[in-house]
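Let me begin by presenting the structure, written as structure tokens, before commenting on it.
Protein chains: 2
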Amino acid sequence: MTTVKAYAAEQADKPMAPFNLDRREPGASDVEIEILYCGVCHSDIHTARNEWGGTMYPVVPGHEIVGKVSRVGASVTHHKVGDTVGVGCFVDSCGHCGNCKDDLEQYCENGHSQTYNSFLQDKKTIAYGGYSTHIVVTEKFVLKISDKLPLEAVAPLLCAGITTYSPLKHWNVKKGDKVAVVGLGGLGHMAVKIAASMGADVTVLSRSPGKAKDASELGAHHFELTTGKENMKKMAGSFNLIIDTVSAKHDYNEYLALLKTNGVMVLLGVPPEPETVHAASLIFGRRSLVGSLVGGIKETQEMLDYCAEHNIVSDVEVINIDQINEAFERTIQGDVHYRFVIDMASLKN
Amino acid sequence: MTTVKAYAAEQADKPMAPFNLDRREPGASDVEIEILYCGVCHSDIHTARNEWGGTMYPVVPGHEIVGKVSRVGASVTHHKVGDTVGVGCFVDSCGHCGNCKDDLEQYCENGHSQTYNSFLQDKKTIAYGGYSTHIVVTEKFVLKISDKLPLEAVAPLLCAGITTYSPLKHWNVKKGDKVAVVGLGGLGHMAVKIAASMGADVTVLSRSPGKAKDASELGAHHFELTTGKENMKKMAGSFNLIIDTVSAKHDYNEYLALLKTNGVMVLLGVPPEPETVHAASLIFGRRSLVGSLVGGIKETQEMLDYCAEHNIVSDVEVINIDQINEAFERTIQGDVHYRFVIDMASLKN
Numbered sequence: 012m013t014t015v016k017a018y019a020a021e022q023a024d025k026p027m028a029p030f031n032l033d034r035r036e037p038g039a040s041d042v043e044i045e046i047l048y049c050g051v052c053h054s055d056i057h058t059a060r061n062e063w064g065g066t067m068y069p070v071v072p073g074h075e076i077v078g079k080v081s082r083v084g085a086s087v088t089h090h091k092v093g094d095t096v097g098v099g100c101f102v103d104s105c106g107h108c109g110n111c112k113d114d115l116e117q118y119c120e121n122g123h124s125q126t127y128n129s130f131l132q133d134k135k136t137i138a139y140g141g142y143s144t145h146i147v148v149t150e151k152f153v154l155k156i157s158d159k160l161p162l163e164a165v166a167p168l169l170c171a172g173i174t175t176y177s178p179l180k181h182w183n184v185k186k187g188d189k190v191a192v193v194g195l196g197g198l199g200h201m202a203v204k205i206a207a208s209m210g211a212d213v214t215v216l217s218r219s220p221g222k223a224k225d226a227s228e229l230g231a232h233h234f235e236l237t238t239g240k241e242n243m244k245k246m247a248g249s250f251n252l253i254i255d256t257v258s259a260k261h262d263y264n265e266y267l268a269l270l271k272t273n274g275v276m277v278l279l280g281v282p283p284e285p286e287t288v289h290a291a292s293l294i295f296g297r298r299s300l301v302g303s304l305v306g307g308i309k310e311t312q313e314m315l316d317y318c319a320e321h322n323i324v325s326d327v328e329v330i331n332i333d334q335i336n337e338a339f340e341r342t343i344q345g346d347v348h349y350r351f352v353i354d355m356a357s358l359k360n
Numbered sequence: 012m013t014t015v016k017a018y019a020a021e022q023a024d025k026p027m028a029p030f031n032l033d034r035r036e037p038g039a040s041d042v043e044i045e046i047l048y049c050g051v052c053h054s055d056i057h058t059a060r061n062e063w064g065g066t067m068y069p070v071v072p073g074h075e076i077v078g079k080v081s082r083v084g085a086s087v088t089h090h091k092v093g094d095t096v097g098v099g100c101f102v103d104s105c106g107h108c109g110n111c112k113d114d115l116e117q118y119c120e121n122g123h124s125q126t127y128n129s130f131l132q133d134k135k136t137i138a139y140g141g142y143s144t145h146i147v148v149t150e151k152f153v154l155k156i157s158d159k160l161p162l163e164a165v166a167p168l169l170c171a172g173i174t175t176y177s178p179l180k181h182w183n184v185k186k187g188d189k190v191a192v193v194g195l196g197g198l199g200h201m202a203v204k205i206a207a208s209m210g211a212d213v214t215v216l217s218r219s220p221g222k223a224k225d226a227s228e229l230g231a232h233h234f235e236l237t238t239g240k241e242n243m244k245k246m247a248g249s250f251n252l253i254i255d256t257v258s259a260k261h262d263y264n265e266y267l268a269l270l271k272t273n274g275v276m277v278l279l280g281v282p283p284e285p286e287t288v289h290a291a292s293l294i295f296g297r298r299s300l301v302g303s304l305v306g307g308i309k310e311t312q313e314m315l316d317y318c319a320e321h322n323i324v325s326d327v328e329v330i331n332i333d334q335i336n337e338a339f340e341r342t343i344q345g346d347v348h349y350r351f352v353i354d355m356a357s358l359k360n
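If you're matching them up, the sequences are chains A and B in order. Count the first sequence with my numbering and you get residues 12 to 360, in order. Count the second sequence with my numbering and you get residues 12 to 360, in order.
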């Protein structure tokens, strides 16, 4: 075991605070990573505060991890010391179920191991996340990161990037497709950038007129308010795909009406209560309401390579680790453009 | 104009009764059909009783029509006098929108003309349906029917058949796929027959143990009760596709949980109130909740040819027109195996 510095929540109502964490010694297939940057995802807050239930304390959040390989196990072949690498939302899976064999580890039928607040595949060791100086991960779940882009801005690609890239690819967005993005936060701003890079005609749908300028700067071609009935009516039947990143209460039917025939609305957020759906909203126009969860390891590597090729990164605000509690509050208030990223040097020193 | 015998509802609370109907003389592109059989769809009842609102009285229901061509207009090339033909849920569409050009007239962007209780494309003439001795329809919307199968049992293919065939084709059901059919009525029994003919492994999901024998006779490979929590749990993650024909209240989330990763649940029924959907029911497993509305003319012809080739017809109970009010009541009670079909000879004589 190696003891490393970390930040943890020890109880739901306690702030994040310094914590010493034991990391396993790298096994034969393991990669030890010195973490340089870790993004702050809203899931980190939900988990730290036990808002979804089931948090195992102490919890060390963080699943948007970028760093350098510091040690490798004897049989590791894909990574070597000094390589720039990343770790996303999960660190292992069973490897033998149908979904794992199809490179869909995020849907592992035997339960994948999430990067934190989750059991490793021995079903008893708890995983601790990226708010720490080092992490040890089995090599298959370590991604290669290009040095071409600023690493602090690459970190959020490991969750926000793949979560939006995967459905855009899976539902086959192509040049000229009309794509709407609902909600312009951590996920939404990545959806805009990636959809635009694929040649789609991108519209940001928002309740806040103040987001129009940002939407344009991020690469959206149009900005429309969702607050007026007339405006929503005007957009009826307009979009091939809607990426819905909103986890607050909202009426799915209003957005389904904006889809063209055969259009698809992808849910990425989970509202606090189930929403209602009229069967007629789907039947007239053969529309689809679907969900998508991050992406598999193969697809995450593909996304990282794609973003390096297309110069796509997240818009980030870099913080020191001792600003994390303030960053949580500002994230909850939507007061971030568009992702906080922790500079892990601030934890080491 | 030609005056023909029909049965109509003159008010929401009046029984169906004899009615004289003026049919237009066949124009250059029109086909006049002597109706032999017309199926009784639950939509006929909803419309006759104004249960969906918007019924224009008097209404002559019926959109599962099979008959013989009795006259054709001067420019009709696809049909000739004496041909066996059919008419389904719609009789015209704009013909020039994107969906019409894509053979998806059911989603015509300018509004298709349904077979009854709908305006023709002049947007003022009301359409009257198949509970009558004759109907006049523009040739493109007249389907060719093989004489190989019993015509009374072919009639329901024009609505129940295409409504189930279309999603099974669109979502690409193939040999070995696990397909569940929820609800074993007019639609459900056709879904079982067609899915089984495509090589799928078919399970009927029902609340009624009494349907097990029928399910098996219709070609289902399995029958499962949806009433027990344990039984539902056992089936979690089992199906590639669920065809949900139920229009009564039911919990979509319970059925979504039965889908495999990438599974699709197709709604064909419209419950009286919108149902709730948990985003998580879709996100975990990248599942889809979709809707589908009948099928286009090209696909309806394909379905009729497919059914003729595979010896697929509806299970029907043939009635005389003067039994229609009793048939409505029995349909509401689910007391029909599985479709009433009116022998139109009973109206002529």
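Just so you know, even glycine gets a beta-carbon here, dropped at the ideal spot from N, CA and C. Source: prediction; values computed, not measured.
Under the three-state DSSP convention, the category residue i falls into
i, result
"Y127 (chain A)", "coil"
"G172 (chain B)", "helix"
"I335 (chain B)", "helix"
"D212 (chain B)", "strand"
"V15 (chain B)", "strand"
"V165 (chain A)", "helix"
"K271 (chain A)", "strand"
"E62 (chain B)", "coil"
"N251 (chain B)", "strand"
"P29 (chain B)", "strand"
"H348 (chain B)", "coil"
"D55 (chain B)", "helix"
"K134 (chain A)", "coil"
"R341 (chain A)", "helix"
"T296 (chain A)", "Looking at the sequence shown, residue 296 (chain A) is not Thr but Gly. DSSP places G296 (chain A) in coil when its eight states are reduced to three."
"L304 (chain A)", "coil"
"A20 (chain B)", "strand"
Start-to-end residues for the alpha helix (DSSP H) that takes in residue i
i, result
"S208 (chain A)", "197 to 208"
"E43 (chain B)", "Element bounds for E43 (chain B): not the alpha helix (DSSP H) but the beta strand (DSSP E), 41 to 51."
"K224 (chain B)", "223 to 229"
"K309 (chain A)", "308 to 320"
"E241 (chain A)", "240 to 245"
"G109 (chain B)", "109 to 112"
Straight-line Cα distance separating residue j from residue i
i, j, result
"V83 (chain B)", "E62 (chain B)", "36 angstroms"
"L252 (chain A)", "V347 (chain B)", "41 angstroms"
"T357 (chain B)", "V193 (chain B)", "Looking at the sequence itself, residue 357 (chain B) is Ser, so the reference to Thr does not match. If I take the Cα positions, the gap works out to 35 angstroms."
"E241 (chain B)", "W182 (chain A)", "34 angstroms"
"E276 (chain A)", "H232 (chain A)", "Looking at the sequence shown, residue 276 (chain A) is not Glu but Met. Their Cα atoms are separated by approximately 19 angstroms."
"D326 (chain B)", "F351 (chain B)", "9 angstroms"
"G122 (chain A)", "Q132 (chain A)", "8 angstroms"
"G307 (chain B)", "E116 (chain B)", "5 angstroms"
"I323 (chain A)", "N128 (chain B)", "54 angstroms"
"S6 (chain A)", "V102 (chain A)", "The structure shown does not extend to residue 6 (chain A), since chain A is modelled only from 12 to 360, so the question has no answer here."
"L154 (chain B)", "M355 (chain B)", "19 angstroms"
"Q125 (chain A)", "K204 (chain B)", "43 angstroms"
"E313 (chain B)", "A39 (chain B)", "26 angstroms"
"N110 (chain B)", "L270 (chain A)", "14 angstroms"
"A166 (chain A)", "G97 (chain A)", "7 angstroms"
"T272 (chain A)", "A226 (chain A)", "26 angstroms"
"L160 (chain A)", "E45 (chain A)", "18 angstroms"
Expected contact under 8 angstroms - CB spacing of residue i and residue j to nearest Å
i, j, result
"C170 (chain B)", "C52 (chain B)", "5 angstroms"
"G187 (chain A)", "G210 (chain A)", "7 angstroms"
"V77 (chain A)", "L47 (chain A)", "6 angstroms"
"V257 (chain A)", "F234 (chain A)", "So it is not a contact: roughly 16 angstroms between Cβ atoms."
"A290 (chain B)", "V281 (chain A)", "4 angstroms"
Residue j beta carbon less than 9 angstroms from that of residue i
i, j, result
"P26 (chain B)", "N336 (chain B)", "yes"
"T149 (chain B)", "D41 (chain B)", "yes"
"K309 (chain B)", "P283 (chain B)", "no"
"G230 (chain B)", "E120 (chain A)", "no"
Residue i - containing beta strand (DSSP E), residue span
i, result
"A191 (chain A)", "189 to 193"
"L358 (chain A)", "Per DSSP, L358 (chain A) belongs to no beta strand (DSSP E); it is in the alpha helix (DSSP H), 356 to 359."
"S81 (chain B)", "76 to 83"
"G97 (chain B)", "95 to 98"
Contact test: residue i Cβ vs the ligand SAM heavy atom, cutoff 8 angstroms
i, result
"G199 (chain B)", "Of the ligands one can find in the structure shown there are none, so the ligand SAM has no counterpart to examine."
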